[in-house]
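First residue of the sequence shown? That's 84 in our numbering, and the numbers climb one at a time after it. The beta-carbon is built from N, C-alpha and C at its ideal position, and this holds for glycine as well. Please read the structure below before turning to the comments.
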Amino acid sequence: MEQLISKKAEIHPDAQIGENVTIEAFAKIDKDVIIGDGTWIGANATIYPGARIGKDCKVFPGAVISAEPQDLKFAGEYSTVEVGDRVTVREYVTINRGTSAKGVTRVGNDTLLMAYAHLGHDVEVGSHCVVANSVQLAGEVVLEDWVVIGGMSAVHQFCRIGAHAMVSGMCGVLSDVAPFTKVFGLPAAYMGINVVGLRRRGFSREQIDNIHDIYRALYQQGRNVSQAIEYMQAYLDPSPEMGQIINFIKESKRGIIKNAVGQTSTVTS
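Right, dumping it as structure tokens:
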């Protein structure tokens, strides 16, 4: 297939460029870069060593992928950025490469990163995510699949956001966001479950009702987290969603967001 590469683009001879790739004028593609088939690189985009970009992606003007991490502990160690297939990286998005902590910053398939978003070192963003304009993800943040983060929100280092969660715009996320929930505020607080998103993704009424019951037990009936988990396991029907939620809570290192602004909930024995 034809490569549509501008003569005004700067491309290192060691870069690996797939078939049917378009690279616009003044884009810079450095050494140790791999670009998959069908990907479009816009004018003035900069892709530094260690970038691995999948098939049919779009990288808009001004984006910078795989620059050195903004971490004072970084000592020049080799690391990468891995971007999946069909990912859209809008204008002036910055994706820093990993450090010795994980060695890679990763973005899954079919994810949209809107203008001016920042992905810090060792961030993991799942598939089918939407990271809106000017969202700032600090180092080692994890977004599971199908997460949506509204514009101008910031996520604290090491936080984890569970699958199908919705973070409203202008949030400050200081603790982990449990799967299927929606949060709002500064600091972010629990505001219910992400019913609209779940319906759009084909969750049944029964599944949504079960998720409601789980979070009522956790947030609305006066139990601490350990008591809520015991109640769920004793009195609620088991389901894949319950297992996913309980595992997420038990694995949380920063504690999960509570429904009271400014407070967090941690797993207790």
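**Asked** For the candidate residues Ser217, Gly222, Val225 and Gly252, whose alpha-carbon lies nearest to that of Gly233?
**Response** In the sequence shown, the residue the question calls residue 233 occupies position 150. When only C-alpha atoms are compared, the closest one is Gly252.
**Asked** What are the complete beta strand (DSSP E) segments, minimum 3 residues, inside the segment 182-257?
**Response** 187-190
**Message:** Between which two residues does the beta strand (DSSP E) holding Ala150 run?
**Reply:** By one-based count along the sequence shown, residue 150 stands at place 67. Taken as a continuous stretch (DSSP letters only), the beta strand (DSSP E) holding Ala150 covers Val147 to Ala150.
**Asked** Does the segment 274-290 come within contact of the segment 304-319, defined as at least 3 CB pairs closer than 8 Å?
**Response** no
**Request:** Mind checking which residues open and close the beta strand (DSSP E) that includes Gly275?
**Result:** In the sequence shown, residue 275 corresponds to position 192, counting from 1. Ala272 to Ile276 is the extent of the beta strand (DSSP E) around Gly275.
**Prompt:** On the three-state DSSP scale, how would you describe Gln86?
**Reply:** Counting from 1 along the sequence shown, the entry for residue 86 is found at position 3. Coil.
**Asked** Using the C-alpha atoms, what's the distance from Phe263 back to Gln290?
**Response** Residue 290 sits at position 207 when you count from the first residue of the sequence shown. Residue 263 sits at position 180 when you count from the first residue of the sequence shown. Cα to Cα, Gln290 sits roughly 11 Å from Phe263.
**Message:** Tell me which residues share the same chain as Glu207 and place their Cβ nearer than 6 Å to its Cβ, disregarding the 5 neighbours each side in the sequence.
**Reply:** As a position in the sequence shown, residue 207 is number 124, starting the count at 1. Within the same chain, Glu207 has close Cβ partners Arg189 and Val225.
**Asked** Pick from Asn342, Ala200, Ile88 and Arg299: whose alpha carbon is nearest that of Met325?
**Response** Numbered from 1 along the sequence shown, position 242 holds the residue referred to as residue 325. Relative to the Cα of Met325, the nearest Cα in the group Asn342, Ala200, Ile88 and Arg299 belongs to Arg299.
**Message:** Based on DSSP bridge pairs, tell me the residues matched to Arg135.
**Reply:** Residue mapping note: residue 135 aligns to position 52 of the sequence shown, counting from 1. Beta-bridge pairing links Arg135 to Ile117 and Glu165.
**Message:** By alpha-carbon positions, which one of Asn216, Pro96, Ser236 and Asn330 ends up nearest to Val176?
**Reply:** Looking up residue 176 in the sequence shown gives position 93. For the residues Asn216, Pro96, Ser236 and Asn330, the minimum Cα distance to Val176 belongs to Asn216.
**Prompt:** Got a sec? Which residues, its chain only, sit under 7 Å from Thr351 by beta carbon, not counting five neighbours each side?
**Reply:** Residue mapping note: residue 351 aligns to position 268 of the sequence shown, counting from 1. Model confidence at Thr351 stands at a pLDDT of 34, short of 50, so the residue's coordinates are unreliable; what they give is reported in the following sentence. So the list reads Asn307, Val308 and Ser309, once near-sequence residues are dropped.
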